[in-house]
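Going by the numbering used here, the first residue of the sequence shown is number -9, and it counts up by one from there. No residue lacks a Cβ here, since even glycine has one placed at the ideal position from N, Cα and C. Okay, so here's the structure we're looking at.
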Amino acid sequence: MASSHIILPPDDDDEEQRRLEEEEDEDPWARSGPPPAAPEHAVKAALPFSATCVRISRDSYPNLRALRNASSVSLADAAYVKISEGDFGYVLDDVPHLVDHLPDAPTYPNPLQDHPAYSTVKQYFVNEDDTVPQKVVVQKNSRRGVHFRRAGPRQKVYFESDEVKACIVTCGGLCPGLNTVIRELVCGLAHMYNNGYKGFYSSNYLTLTPKSVDDIHKRGGTVLGTSRGGHDTKKIVDNIQDRGINQVYIIGGDGTQKGAYEIFKEIRKRGLKVSVAGIPKTIDNDIAIIDKSFGFDTAVEEAQRAIDSAHVEACSAENGIGLVKLMGRYSGFIAMYATLASRDVDCCLIPESPFYMDGEGGLLQYVERRLKENKHMVIVVAEGAGQDLIAKSLSTSEQQDASGNKLLLDIGLWLTHKIKDHFKSKKMEMTIKYIDPTYMIRAIPSNASDNVYCTLLAHSAIHGAMAGYSFTVGNVNGRHAYIPFYRVTSTRNKVKITDRMWARLLSSTNQPSFLSQKDIDEAKENDRTANKPPLPTGLSHHVANSFDQSASSSSNSQI
């Protein structure tokens, strides 16, 4: 049971004593003296990498009904949740480690200590107790909140350099920076690589060397190829096992990270000595917890060029409209940031902020008023915006791609026709130019800042895998951290329309919010629960409160 990290609670009298102690300790900062010592018979043996984990009441333990009903964390997932508590509301949401299922795994000195490039570094290795807080904006009486394990090289590693046999896989859509991540992984290790999940069990894998990847960061796309779908966990792990692979680096979005999580669970089930490192990739910037995903800065920069072109077209015609559709299936970050960077946009539409076309205060009325005032305007729309409006007008059925994502209808083309029809009915001359730079943006090489970011992500992934962890790596409040798979796959990061960043955009474009009071109330409730992860039942109220508090913080460094 130790390996599953589920703690069987004490007897009823011990449980009552613990409850009374917790009630007395509601505010740890107000406590005037040290906490009462726990009864000797309540002391439990320490579990590896976790002081306090998942508590489940005795009544629910036989069938774990409460765990299944009250949380989307399944019984299988509960075995991988590692939560430790500390003083003043400190909670560590830890990542799995090889010793959880291989307690006798040997360790080796980290070869970095003899590397000439690190000879001038004051401190080679991060401290094992170093963690990164999920929330950095606090008040003087705030609890310390949820933390993640800090990324970086450890003094001891669980793989000897000559025994490492690693693979890398890229899945999903293209994104600037993919080749940079691949290059930096390859230059750190000598590997065998595959393309897409299908590549794990196809014959078209590639053996790459630092020389063969030397200049791939100057190209867009991925030299490994990519695919959607094709995920067969058992088949993938069979091939990992057959080929003797002991480190797996998986680059992809939230769906890919879910796949990485399933691969890790199957690896652990089989007792294999394999580390799984997920590197989140989404050009939409919709991965939860992390500050931003690689390629996002490049995408915003390139999107701004498309907006500049639309502005030129609009200004060159009487009553000219430039309409630009940008990426953003569920999250409108690219559209929002490109709009703020441009300052030439008159209206920005994103999936998180509903709008309507007709009537008082509708989009068409605003477009008409703007043209009368300025004689031209620029509209930016994220691809996922207004999908409900199109579906109602066209009576279409929902379809999905190979990865299970909803196939989006072309909001840009639909808006173009709607705007044309409106002005035709008004007998008002206008010209509209529709620009869709989607595939141009995602296929370009990454810019300088993204190249540096990709390098740091790759290095952090290598350090974590060598140290025996399995995780998703990402920047959290400016520090690289190892994040549990379930945290980045349980929720999706979205633009908070109740946040000051969206208010800045409305101030820049002077567009109406298009929101009713009901929309605002729903947005506030969605924001409140946006980053709250699914947790197993039985956690102490201190731990649950810490997760609630951390979830309430602004995501993706919005200020």
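Open item on the list: For D426, tell me which candidate among L313, L505, R494 has the shortest Cα-Cα distance.
Closed with: L313
Task: DSSP three-state assignment for E350, whether helix, strand or coil - done: coil
Open item on the list: So, with DSSP's three-state summary, where would you put F345?
Closed with: coil
- [ ] Specify, as a first and last residue, the run of the alpha helix (DSSP H) that V478 falls within.
- [x] 475 to 479
Task: Residues that A471 bridges to, as DSSP identifies them - done: R140, G464
Open item on the list: Taking a contact to mean a Cβ-Cβ separation below 8 Å, would you say C338 touches T488 in this structure?
Closed with: no
Task: L405 to M326 span [Cα, whole Å] - done: 18 Å
- [ ] On a CA-only basis, which of L168, P200, V159, K282 is nearest G178? Give me that one, please.
- [x] P200
Open item on the list: Quick check: the Cα distance between L353 and N275, rounded to an integer number of angstroms?
Closed with: 26 Å
Task: Nearest-angstrom Cα separation, counted from S265 out to Y459 - done: 6 Å
Task: Pairwise C-alpha distance: L397 and E14 - done: Per-residue confidence for E14 stands at a pLDDT of 45, beneath the threshold of 50, marking its modelled position as unreliable; no derived number is given.
TODO: Whole angstroms is fine: what's the gap from A381's alpha carbon to V116's?
DONE: 52 Å
Open item on the list: I need the straight-line Cα distance from K417 to E358, nearest angstrom please.
Closed with: 12 Å
TODO: For the alpha helix (DSSP H) containing T329, list its first residue and its last residue.
DONE: 323 to 332
Task: Top-ranked residue by Cα proximity to K72, from Y80, F78, V85 - done: It is V85 whose Cα lies nearest to the Cα of K72.
TODO: Tell whether a beta-carbon distance below 8 Å holds between D287 and S439.
DONE: Result yes, Cβ atoms of D287 and S439 sit closer than 8 Å.
TODO: Give me whichever residues DSSP pairs with R482 in a beta bridge.
DONE: I277
Open item on the list: If distances are taken between C-alpha atoms only, which option among P101, I241, T246, M317 comes closest to T428?
Closed with: M317
TODO: For N364, count neighbouring C-beta atoms within 10 Å of its own C-beta (all shown protein chains included) and say buried if the count is 16 or more, exposed if not.
DONE: With fewer than 16 other Cβ atoms inside 10 Å of its own Cβ, N364 counts as exposed.
TODO: Measure the C-alpha to C-alpha separation of N100 and Y80 and round it to an integer number of angstroms.
DONE: 30 Å
TODO: Per DSSP, which residues does D84 bridge with? Please list them.
DONE: K72
TODO: Report the three-state DSSP secondary structure of H31 (helix, strand or coil).
DONE: Low confidence applies to H31: its pLDDT is 41, below 50, so where it sits in the model is not reliable enough to give any reading.
Open item on the list: Assuming contact is defined by CB atoms lying nearer than 8 Å, are F461 and A267 in contact in what I supplied?
Closed with: yes
TODO: Could you check the C-alpha separation between Q124 and V136 for me, to the nearest Å?
DONE: Taken atom to atom, the span from the alpha-carbon of Q124 to that of V136 is near 6 Å.
Open item on the list: Three or more C-beta pairs under 8 Å: does that hold for the stretch 153 to 170 against the stretch 236 to 253?
Closed with: yes
Task: A289: first and last residue of the uninterrupted alpha helix (DSSP H) it sits in - done: 286 to 305
Task: Environment of Y98 [buried if 16+ CB atoms lie within 10 Å] - done: Label assigned to Y98: exposed.
Task: Chain-order list of residues whose beta-carbon lies under 6 Å from that of K484 (same chain, five-residue window excluded) - done: S321, E342
Task: Cut-off 6 Å between Cβ atoms - residues of its own chain near V170, not counting five sequence neighbours on either side - done: Checking the sequence, you will find Thr at residue 170 rather than Val. Taking C-beta separations shorter than 6 Å and ignoring five residues to either side along the sequence, the partners of T170 in its chain run H207, S436, N441, C444, following chain order.
Task: Helix, strand or coil at L316 according to DSSP, with G and I counted as helix - done: strand
Task: Under 8 Å between C-beta atoms of V463 and A278 - done: no
Task: Nearest to I230 (by Cα), restricted to the options G210, Q247, L262, I431 - done: Looking at the Cα atoms, L262 is the closest of the given residues.
Open item on the list: Quick check on DSSP: helix, strand or coil for T110?
Closed with: DSSP places T110 in coil when its eight states are reduced to three.
Open item on the list: Quick check on S415: buried or exposed, where buried means 16 or more other Cβ atoms within 10 Å of its Cβ?
Closed with: exposed
TODO: Give the DSSP bridge partners of M367, in chain order.
DONE: I311
Task: Whether I431 touches A250 by CB criterion (8 Å) - done: Not in contact: I431 and A250 (Cβ atoms no closer than 8 Å).
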